[in-house]
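All letters in the sequence shown, in the order written, are residues -13 to 519 by this note's numbering.
We put the beta carbon where it would ideally sit given N, CA and C, even for glycine.
Input: a single structure, listed below in structure tokens.
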Amino acid sequence: MAAEQVDIAIVGAGFAGMYMLHRARGMGLRAVVFETGDGVGGTWYWNRYPGARCDVESMEYSYQFDDDLQQEWSWSERYAAQPEILRYANHVADRFDLKRDIRFETKVTSAHFDDADGLWHVATEGRNGAVDTVAATHLVMATGCLSSANVPHFEGIEDFEGDWYHTGRWPKEGVDFTGKRVAVIGTGSSAIQSIPVIARQAEHLTVFQRTPNYAVPAHNHPVDPERETWFKANYKELREKAKQGRSGQLYSVRDLKWGSEPLETAKAEFARRWDLGGFSYLGAYVDLLVNKEGNDVAAEFVREKIRETVKDPETAELLCPTSVIGCKRLCVDIGYFETYNRDNVSLVDISKAPIERLTKKGLITGGKEYTFDAIVFATGFDAMTGSLNRIDIRGRNGLPLVEKWEAGPRTYLGLTTVGFPNLFLITGPGSPSVLTNMLPTIEQHVDYVSDIIEHLRAHGQKTIEPEQEAEDAWVDHVNAIAGGTLYPSCNSWYLGANVPGKPRVFMPYPGFPAYVKKCQEIAANGYEGFRLG
Ligand code: NA7
């Protein structure tokens, strides 16, 4: 029997996959979405750990493609918690009747481009191991930037008799830590969000820290109804304004360079922004991720706050990061540093003595065994390329994507890659993606892909892929821009430095909103840099 054929196969039913499906239907195309989970939501489906919350303000972290949708939905808090975001994802899926074209519990195992028929042949594994294939003209990878859990290969993990969890694969039914001795490994954003919540439940919580992280307060609160009304009345203008911002968000980034004000004024500005809460802290000066001197002052301000908050001076010092602030994504916390003042919380520095192995009862570091009932790996993700590389994707002449990307991802605009016709990466490496508010960035990419597909159809063309020269130039450009910043100075997941053996390449493009302008220019010039066939 001939394989089912569709116009677009979409991998992933998070915010990107859902919107792509909606747009595809709007163009009258036959589209199908494959999703490993049994529901929509992507990142917000998997990351159910206690305290999981978005670090972008909820009034901005939503779709804007449909005004009725944004008018009817109400967020309850300044920063929405995971269950509310998941409810929103389901609301959107139901409102636009998306689920009927989403194949849940269906994992894409391979996607091969066939030069002979010009189609993508997508193999899937569904419920009870049922295998299937679908042929598609276009393949859209809406697989998310932080979807592929990074569980370190600790020796002895199979010996551990307690329970262990990864924050990015949290059990749906939740976990009750009451009366338990719990370990959290990692101090990234997921740990910083979950530690205060787990500490309130557990009998004792031990945090194993390899690198301390900067966190600024969320000052979270219920959404003020008056502000909501104002926001909704002005949504159009506010969304437009946000698109002009460095990260696609409304918080103010002053058009002032470090050094343009006296030091005391600068410190007062950091204090003001600390009181506002959230990412606006790094908007005090436009060049804080370029100017080391300014960055040092911004960083020291946070360290002072940590020393003021954490009563035990030794613990406080261990919690003080020394790297560039903002080099790793800034964390937005609710009571994180205060948690270390609790009697049932202790911090173990593993920067010099890594975890040697897991044991039946716990783990060993620095020659000492620590025993636990449960271990939480808050160890992050194989970001941006992990979920693509875990699928056997092959382009022209059977070239595997992992092989092409052996020394790091190579794309044109973070959207397409030479040798893989009609393959589109939503918020892929080489696009601003994780350095921005993901929802508008997703919409921009999906709209762009939709325009490309319409263009192809209108011109009777079947395939699109970048020119080698355009891709090389884009990769060089991304590297040059990132190289001119302080981003490459630390071991962040932006660089792939958190996954042993992963090539060290700065993956997101620090250039929003210029990126959008560039995309528009390319389209206006008849998709310059692309080969249409
Ligand atoms: P992150 O930010 O990658 O944090 C992972 C943490 O786990 C970080 O502190 C790591 O230390 C630590 N880690 C990773 N591997 C190990 C091993 N083998 N031993 C000890 N510690 C380890 O992931 P998150 O999930 O917290 O956040 C990801 C993003 O989600 C975040 O930026 C927000 O955008 C939302 P390291 O710093 O590498 O020394």
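Spatial neighbours of residue i in its chain, beta-carbon cut-off 6 Å, leaving aside the 5 residues before and after
| i | result |
| --- | --- |
| K297 | N327 |
| L275 | G312, T471, L472 |
| N477 | A483 |
| A500 | none |
| S96 | A109, D378 |
Heavy atom of ligand 1 within 7 Å of residue i beta-carbon
| i | result |
| --- | --- |
| R174 | It is worth fixing the name first, because residue 174 is Gly in this sequence and not Arg. Correct: G174 has its Cβ closer than 7 Å to ligand 1. |
| F51 | no |
| G28 | no |
| K93 | no |
| T153 | yes |
| P36 | no |
| F323 | no |
| K338 | no |
| N206 | no |
| N423 | no |
| W479 | yes |
| A364 | yes |
| I428 | no |
| T413 | no |
| A97 | no |
| L374 | no |
| I341 | yes |
| R315 | yes |
| F194 | yes |
| L132 | yes |
| A66 | no |
| N484 | yes |
| A459 | no |
| I171 | yes |
| A284 | no |
| A201 | no |
Contacts around residue i, its chain only, beta-carbon distance under 7 Å, and the 5 residues preceding and following it disregarded
| i | result |
| --- | --- |
| G148 | F358, D359, A360, I361 |
| H139 | none |
| K166 | A188, E189, D359, A360 |
| Y271 | R240, L242, K243, W244, G280 |
| N136 | T365, G366, F367, D368, N484, V485 |
| R376 | S134 |
| S436 | R9, M13 |
| A509 | D437 |
Unbroken beta strand (DSSP E) run spanning residue i, endpoints
| i | result |
| --- | --- |
| H152 | 149 to 152 |
| G469 | Unbroken run through G469 is the alpha helix (DSSP H), 454 to 469; no beta strand (DSSP E). |
| S96 | 93 to 100 |
| L105 | 105 to 111 |
| L518 | 516 to 518 |
| V362 | 360 to 363 |
| H124 | 117 to 127 |
| I143 | Here I143 belongs to no beta strand (DSSP E), and DSSP marks it neither H nor E. |
| R380 | 378 to 380 |
| K488 | Segment: none, K488 is in no beta strand (DSSP E) and carries neither H nor E. |
Residue(s) in a DSSP beta bridge with residue i
| i | result |
| --- | --- |
| P415 | S417 |
| W156 | None; W156 has no bridge partner. |
| A135 | F367 |
| T357 | G348 |
| F410 | V126 |
| T402 | Y398 |
| E451 | R517 |
| R89 | F20 |
| R343 | I350 |
Extent of the continuous alpha helix (DSSP H) to which residue i belongs
| i | result |
| --- | --- |
| T325 | 322 to 325 |
| I508 | 500 to 510 |
| G372 | 372 to 375 |
| I350 | No alpha helix (DSSP H) contains I350, which is instead part of the beta strand (DSSP E) from 348 to 351. |
| I336 | Careful: I336 lies outside any alpha helix (DSSP H) and carries neither H nor E. |
| K390 | 387 to 390 |
| H441 | 424 to 444 |
Proximal residues to residue i (C-beta, below 8 Å), its chain only, five neighbours per side dropped
| i | result |
| --- | --- |
| Q50 | Q56, Y221, R225, L425, P426, E429 |
| L304 | Q195, P198, L333, D335 |
| S238 | S266, G269 |
| I450 | T402, P407, N408, I438, L442, Y513, F516, R517, L518, G519 |
| N423 | V42, E46, Y47, A228, S233, G234, Q235 |
| V461 | R396, T397, G416 |
| A66 | R39, C40, S44, Y47, Y74 |
Contact test: residue i Cβ vs ligand 2 heavy atom, cutoff 7 Å
| i | result |
| --- | --- |
| T197 | Ligand 2 is not part of this structure, which contains only ligand 1. |
Problem - Entirely enclosed alpha helix (DSSP H) segments - the region 240 to 320, minimum 4 residues - result: Unbroken alpha helix (DSSP H) runs of no fewer than 4 residues, entirely contained in the region 240 to 320, are found at 249 to 262, 278 to 295, 299 to 305, following chain order.
Exercise for the section: Output the residue ranges of the beta strand (DSSP E) runs that lie fully inside the region -8 to 20 and measure 3 residues or longer, sorted by chain position. Expected result: Every beta strand (DSSP E) of 3 residues or more that sits fully in the region -8 to 20 is shown, in chain order, as 17 to 20.
Handout entry: Runs of beta strand (DSSP E) lying entirely within the region 165 to 241, each at least 3 residues, in chain order
Key = Runs of the beta strand (DSSP E) inside the region 165 to 241: 167 to 171, 190 to 195, 201 to 203.
Exercise for the section: Jot down the residue ranges of each uninterrupted alpha helix (DSSP H) in the region 6 to 86, minimum 4 residues, whole runs only, in chain order. Expected result: For the region 6 to 86, whole alpha helix (DSSP H) runs of length 4 or above, ordered along the chain, are 29 to 32, 53 to 58, 68 to 81.
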